[in-house]
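*Asks:* Pasting a structure below so you can have a look.
Residue numbers (the numbering used here): 86 to 393.
The following block contains the structure:
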């Protein structure tokens, strides 16, 4: 129950950061499209620094086993989402944007700062399992879903800067090597920007959205419910049945991190890919915005159910 309350407080604080980004656009100080350079900084600099910093911990067998558990939990959660989508896409007549929005969560941008503030920075290490799996799926399954005749390029996955940062961090972790003091401080301070920067970017994007357009999309509430309620509940049930929590020390907390990622709002990456590959980017943006606003209610409730 305590974690659920802390989570609600942290998400509420992050929504205030979103409001800051929204305000600078609505007041005419910046334009929504000017968020693109900030998003690039978050993706190519801040995110990799955050992951490198997360791996700057002392190596132990318990931590290594915890990493394997996070990878297994991520594979189960993401595989389940794709499987459920295969079952419902035709009966519900979901288009590619709706399918991708329901499957993929904003696990990268939202979960890392939440884990830092709710559980502590020592637990960020275990977000890497979900991030590795999701990054790979973005450039394989999601890519082929949103781009007609899209071909998967292994190079795009292996050379993704975030994957490279995770690989480098894992190598440093296993070998017990650490950055010298000055680079460590630089990497740590840069990585700590991830939460506020991503939330401000999200707010700037929301600033350009007309909320009246929500009424034009009849299936939007359905997609938000799938992403925030149905898929997380199915993931929770699968985690309970699997007995993964008993595999390693602190297994329940590690599973909670993967569950938080699975219960997060729709991924902003889906919005970017929808714009890029000729789908309805406005629709994807609205799904992202509505789910982000409502997660302040749904995510604490999901964590409460997890803790029962």
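Built from N, CA and C at the ideal position, the CB exists for glycine as well.
Being a predicted model, the structure only gives us computed values, none of them experimental.
Measuring alpha carbon to alpha carbon, tell me which residue in 138, 382 and 386 is nearest residue 254.
*Replies:* Out of 138, 382 and 386, 138 has the C-alpha closest to the C-alpha of residue 254.
*Asks:* Which residues does DSSP list as the beta-bridge partners of residue 190?
*Replies:* BP columns for residue 190 point to 351.
*Asks:* Excluding the 5 residues preceding and the 5 following residue 364 in the sequence, name in chain order all residues of the same chain whose CB lies nearer than 7 Å to its CB.
*Replies:* Hits under 7 Å: 181, 182 and 231.
*Asks:* Can you tell me which of the three DSSP states residue 224 falls into?
*Replies:* Correct three-state label for residue 224: helix.
*Asks:* Does residue 170 come out as helix, strand or coil in the three-state DSSP assignment?
*Replies:* If DSSP states are grouped into helix, strand and coil, residue 170 belongs with the helices.
*Asks:* Please say whether residue 214 and residue 156 have beta carbons closer to each other than 7 Å?
*Replies:* Their beta carbons are under 7 Å apart, which means residue 156 touches residue 214 by this criterion.
*Asks:* By the three-class DSSP mapping on this structure, what secondary structure does residue 298 have?
*Replies:* Residue 298 falls in the helix class under three-state DSSP.
*Asks:* Taking 8 Å as the limit between beta carbons, can you name the residues of its chain near residue 305, skipping five residues before and five after?
*Replies:* The residues are 299, 368, 371, 372 and 375.
*Asks:* For residue 148, which of helix, strand or coil comes out of DSSP?
*Replies:* Here residue 148 sits in helix by DSSP.
*Asks:* What would DSSP say about residue 269, mapped onto helix, strand or coil?
*Replies:* If DSSP states are grouped into helix, strand and coil, residue 269 belongs with the helices.
*Asks:* What number of angstroms, rounded off, separates the C-alpha of residue 391 from the C-alpha of residue 341?
*Replies:* If you take the alpha carbons of residue 391 and residue 341, they lie about 7 Å apart.
*Asks:* Are the Cβ atoms of residue 92 and residue 203 separated by less than 7 Å?
*Replies:* Yes, these two residues count as a Cβ contact at 7 Å.
*Asks:* Is the stretch 356-363 touching the stretch 278-289 in the sense that three or more CB pairs, one from each, lie closer than 8 Å?
*Replies:* No, because fewer than three Cβ pairs between the stretch 278-289 and the stretch 356-363 fall closer than 8 Å, the two stretches do not touch.
*Asks:* Count the other CB atoms within 10 Å of the CB of residue 325; is the residue buried (16 or more) or exposed (fewer)?
*Replies:* So residue 325 ends up on the exposed side.
*Asks:* Identify which residue in 101, 379, 191 and 87 has its Cα closest to the Cα of residue 128.
*Replies:* It is 191.
*Asks:* For the alpha helix (DSSP H) containing residue 385, list its first residue and its last residue.
*Replies:* Start and end: 366-392.
*Asks:* Given this structure, state the Cα-to-Cα distance separating residue 349 from residue 284, to the nearest angstrom.
*Replies:* Near 14 Å, if we compare the C-alpha coordinates of residue 284 and residue 349.
*Asks:* Straight-line CA distance for residue 218 to residue 159?
*Replies:* Answer to the nearest angstrom: the Cα atoms are 7 Å apart.
*Asks:* Given this structure, state the Cα-to-Cα distance separating residue 228 from residue 353, to the nearest angstrom.
*Replies:* Distance between the alpha carbons of residue 228 and residue 353 is about 14 Å.
*Asks:* Can you tell me which of the three DSSP states residue 154 falls into?
*Replies:* Helix, per DSSP.
*Asks:* If distances are taken between C-alpha atoms only, which option among 311, 123 and 101 comes closest to residue 172?
*Replies:* Among 311, 123 and 101, the Cα nearest to that of residue 172 is on 311.
*Asks:* When the Cβ atoms of the stretch 257-268 are set against those of the stretch 131-149, are three or more pairs found closer than 8 Å?
*Replies:* Counting Cβ pairs under 8 Å, three or more are found: they touch.
*Asks:* Keeping to the same chain, check which residues put their C-beta closer than 6 Å to that of residue 124; ignore five residues upstream and five downstream.
*Replies:* Around residue 124: 286.
*Asks:* Can you tell me the Cα-Cα spacing of residue 216 and residue 323, whole angstroms?
*Replies:* Cα to Cα, residue 216 sits roughly 20 Å from residue 323.
*Asks:* From what residue to what residue does the alpha helix (DSSP H) around residue 110 run?
*Replies:* Here the alpha helix (DSSP H) through residue 110 covers 87-111.
*Asks:* Whose C-alpha, out of 166, 275 and 382, is nearest the C-alpha of residue 319?
*Replies:* The candidate whose alpha carbon is nearest that of residue 319 is 166.
*Asks:* Which term fits residue 168, buried or exposed, when burial requires 16 or more other beta carbons within 10 angstroms of its beta carbon?
*Replies:* When all chains shown are included, residue 168 counts as exposed.
*Asks:* Span of the alpha helix (DSSP H) holding residue 286?
*Replies:* Its alpha helix (DSSP H) spans residues 279-291.
*Asks:* Hey, could you find the ends of the alpha helix (DSSP H) residue 132 is sitting in?
*Replies:* Note, residue 132: alpha helix (DSSP H), 132-139.
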